[in-house]
Amino acid sequence: MTQLRILGINGSLRKPSRTGALTRRAVDALALALNGEGRVLEIAEVWSSLAAATEREELHGPGKDAVQAVETADFLVVASPVYRASYRGSLKHLFDLVHRPALSERPVLLLATGGSPGHGLVLEHQLRPLMAFFNALTLPTAIYATETDFAGTEITNPAIAERLERAVAEAKRIVGPRN
Numbered sequence: 003m004t005q006l007r008i009l010g011i012n013g014s015l016r017k018p019s020r021t022g023a024l025t026r027r028a029v030d031a032l033a034l035a036l037n038g039e040g041r042v043l044e045i046a047e048v049w050s051s052l053a054a055a056t057e058r059e060e061l062h063g064p065g066k067d068a069v070q071a072v073e074t075a076d077f078l079v080v081a082s083p084v085y086r087a088s089y090r091g092s093l094k095h096l097f098d099l100v101h102r103p104a105l106s107e108r109p110v111l112l113l114a115t116g117g118s119p120g121h122g123l124v125l126e127h128q129l130r131p132l133m134a135f136f137n138a139l140t141l142p143t144a145i146y147a148t149e150t151d152f153a154g155t156e157i158t159n160p161a162i163a164e165r166l167e168r169a170v171a172e173a174k175r176i177v178g179p180r181n
């Protein structure tokens, strides 16, 4: 059996970032629990290539590789910082270039970070509908973290770890046993 390919997508254009730290932690936890291979796609590293393409056919180099990685991953972790009540436009642009059928029935864990608790609604009112458009299977548990949940880029709030454990358990039920 081939290893499950878990791709985290860090929608932040900043490095390092709290969103990146949360993404890495989730990808690592899923890879361990699902006997998978995890990697994180940093939008910041491919943004200039993605931004140059308004249509899929215009993609080349790192942007094309990024879209292909999204379309061929077995499990996605989609993460974005929230600013002014919305997820990053760079993340939306990436998904604008993804073939709709490619993500059908793909399991997805949703993550977001922001400055206030109210921005957590972005998970349910924007990111979950975006994934529904692709017919992806979002895990019931999504994770939102604020500045107070971190010391720098280290997650310090045990409630975030508990939500991640719950999401990993859900992922194991969806993906099934893997050797």
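Residue numbers for the sequence shown follow the working numbering, beginning at 3 and rising by one. Note that CB positions come from ideal geometry on N, CA and C, so glycine has one too.
For residue i, the three-state DSSP class (helix, strand or coil)
| i | result |
| --- | --- |
| Leu34 | helix |
| Glu44 | strand |
| Glu57 | coil |
| Leu52 | helix |
| Leu24 | helix |
Extent of the continuous beta strand (DSSP E) run through residue i
| i | result |
| --- | --- |
| Leu9 | Leu6 to Asn12 |
| Ala147 | Ile145 to Thr148 |
Residue range of the alpha helix (DSSP H) that includes residue i
| i | result |
| --- | --- |
| Ala161 | Pro160 to Val177 |
| Thr74 | Gly63 to Thr74 |
Residue from the options whose Cα sits closest to the Cα of residue i
| i | options | result |
| --- | --- | --- |
| Arg102 | Val72, Arg86 and Gly117 | Val72 |
| Ser19 | Glu167, Glu149, Gly65 and Thr56 | Glu149 |
| Arg7 | Leu99, Ala35 and Glu126 | Ala35 |
| Leu105 | Ala81, Leu43 and Phe77 | Phe77 |
| Leu112 | Val170, Asp67 and Gly38 | Val170 |
| Ser82 | Phe136, Arg26, Ala75 and Glu107 | Arg26 |
| Leu24 | Gln5, Val80 and Leu132 | Val80 |
| Asn12 | Thr21, Gln5 and Leu141 | Thr21 |
Cβ separation of residue i and residue j, assumed to be a contact under 8 angstroms, to the nearest whole Å
| i | j | result |
| --- | --- | --- |
| Thr2 | Val84 | Outside the shown range of the chain, which is 3 to 181, sits residue 2, and nothing can be said about it. |
Segments assigned beta strand (DSSP E), at least 3 residues, entirely inside the segment 82-143: 109-116
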